[in-house]
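Residue numbers (this note's numbering): 1 to 487. Heads up, the beta-carbon is just placed ideally off N, CA and C, and yes, glycines get one too. Worksheet: one structure, shown below.
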């Protein structure tokens, strides 16, 4: 039976949130809590869409056909756009083992590096989940001491995350394999059949309900771990399996209350989304106003600056502008901090209302901080993990810059184009008899014998024809119609 009503639990949770964040208000504490919330994985995600337009290709192909129409003996063949599977099969590395070896090695290194970074982030997330609980229970936004104090529980939660995520992924992928196989068999992926979204939906529809039901159950398990299992682990100083055993002990007599708790949390989450939208609108308006004022002041300073010092002042203003924008972004993010703090406190109070022995706040009042000196250990691995995305970006940029250098040093021309002096063309227009084309996939300018020209990429060549690529597809021109090709 619950010791408190739901209204009382909400009231206590909000009072505790206000006490942590506003009594007293310190920017340092907000920043530290913001870091803890971020590393604990309590911040939402994003999505994006990539759209394409084939009209550009149609216009380009029509223009090229028009330009080459003056050569009556030769015609331009426009090839249809290749299907995704055909594009994959036509990759050079799949047909040349020598080219595939370095690509496979590089891909293996990248996958191993990404796997290591993902593992480190899961480790940090698991441990900082307990740091977050410790912060709201003790009203202390510390990092080092609670991190090391709760490391056994954090490592246990990490192992659960690895196993649970793997099993969940296998289950969901297993449900998706039959419809994906059916779509592939239909021929819509390799170009044997026209792409039909209605047919794809008809194939997926029988599997949609099982997929959504299982995904919902998996999400419910993850939410149960976050709201109930972690506080039990924190209270009992035990592993996740023993915490699950204790939760299953208290669940049967409180099943109705727990179901009502999840429904109430759903309603509160919807309310939090509406509040977040209002905060975003107000924050963006204030941020744009502040940025506009700062920009106006910077423009006035730049105008009154002597000509000799304008370059230095401009550099300073750019640096100051970046700092101001970063500060505004941080402040806007911190405005959302009460929401994750409230939703971390809310299940703790609910748990104590159905079992008084699981009152975490009573535990914090009884414990002493005399053991703080035992945890003066390094946090270097944590900060390395936090900075790991920057390390990956730096490695990616280094590899990107190095590839053209080695390709230019070791690469050989793929092909040459022989040019014959056409009749009726002045000698000053004729290039040398043999021209080497750079093997890189760069745009080249193709000059036709009818006086027209266009830009495209060289895809492949044969004895009589050359295939050129533009956005959306390829087309073929006979060599006899080409005057010259220039980079």
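- With respect to the 9 angstroms criterion, residue 487 and residue 447 are not classified as neighbours on the basis of their beta carbons.
- Under the 8 angstroms Cβ criterion, the stretch 305-312 does not count as touching the stretch 256-265, having fewer than three qualifying pairs.
- Residue pairing from DSSP places residue 444 in a beta bridge opposite 456.
- Between the stretch 264-283 and the stretch 192-206, the count of C-beta pairs closer than 8 angstroms stays below three; the two stretches do not touch.
- Straight across, the Cα-Cα distance linking residue 23 with residue 124 is about 29 angstroms.
- With fewer than three CB-CB distances shorter than 8 angstroms, the stretch 198-215 does not count as touching the stretch 122-140.
- Within the stretch 280-339, no run of beta strand (DSSP E) at least 3 residues long lies entirely inside it.
- Pairwise C-beta distances place the stretch 238-252 out of contact with the stretch 323-332, as fewer than three of them are shorter than 8 angstroms.
- Put simply, the backbone Cα of residue 459 is about 14 angstroms away from that of residue 445.
- The shortest CA-to-CA distance from residue 465 to any of 456, 207, 476 and 457 is the one to 476.
- Residue 283 and residue 334 have their C-alpha atoms spaced approximately 11 angstroms apart.
- If you check the CB distance, residue 128 and residue 41 come in under 9 angstroms.
- Non-local C-beta neighbours of residue 21 in its own chain, meaning closer than 8 angstroms and more than five positions away in sequence, comprise 29, 30, 33, 337, 338 and 341, ordered along the chain.
- Check the Cα spacing between residue 247 and each of 229, 348 and 259: the tightest is with 229.
- Nearest to residue 19 by C-alpha distance, out of 279, 102, 7 and 141, is 141.
- Spatial neighbours of residue 37 in its own chain (CB-CB distance under 6 angstroms, excluding positions within 5 residues in sequence) are listed in chain order as 340.
- Within the same chain, 317, 320 and 321 come within 8 angstroms of residue 298 by CB-CB distance, once the 5 residues on both sides are set aside.
- In this structure, residue 226 sits near residue 347, with a CB-CB distance shorter than 9 angstroms.
- Remark: C-beta atoms of residue 349 and residue 9 approach each other more closely than 9 angstroms.
- Residue burial is scored here from C-beta neighbours: residue 243 has at least 16 other C-beta atoms within 10 angstroms and is therefore classed as buried.
- The criterion of a C-beta distance shorter than 9 angstroms is not satisfied by residue 223 and residue 168.
- The beta carbons of residue 143 and residue 279 sit no closer together than 9 angstroms.
- Residue 12 has its alpha-carbon roughly 22 angstroms from the corresponding atom of residue 233.
- Relative to residue 456, the option among 17, 176, 467 and 481 whose CA is nearest is 467.
- By the neighbour-count criterion, in which a residue is buried when 16 or more other Cβ atoms sit within 10 angstroms of its Cβ, residue 17 is buried.
- In the DSSP assignment, residue 33 falls within the alpha helix (DSSP H) that extends over 27-39.
- Scanning its chain for C-beta atoms nearer than 6 angstroms, with the 5 sequence neighbours on each side dropped, one finds around residue 239 the residues 156, in chain order.
- The straight-line gap separating the alpha-carbon atoms of residue 115 and residue 267 is approximately 37 angstroms.
- Taking 9 angstroms as the cut-off, the Cβ atoms of residue 221 and residue 354 do not count as close.
- Judged by DSSP secondary structure, residue 254 falls outside any alpha helix (DSSP H); it is assigned neither H nor E.
- For residue 467, the uninterrupted beta strand (DSSP E) run begins and ends at 465-470, by DSSP.
- Beta bridge pairing from DSSP links residue 482 with 448.
- Within the stretch 221-281, the complete alpha helix (DSSP H) segments at least 4 residues long are 230-236 and 240-250, listed from N- to C-terminus.
- Rounded to whole angstroms, residue 174 and residue 163 show a C-alpha spacing of 16 angstroms.
- The bridge partners DSSP lists for residue 356 come to none.
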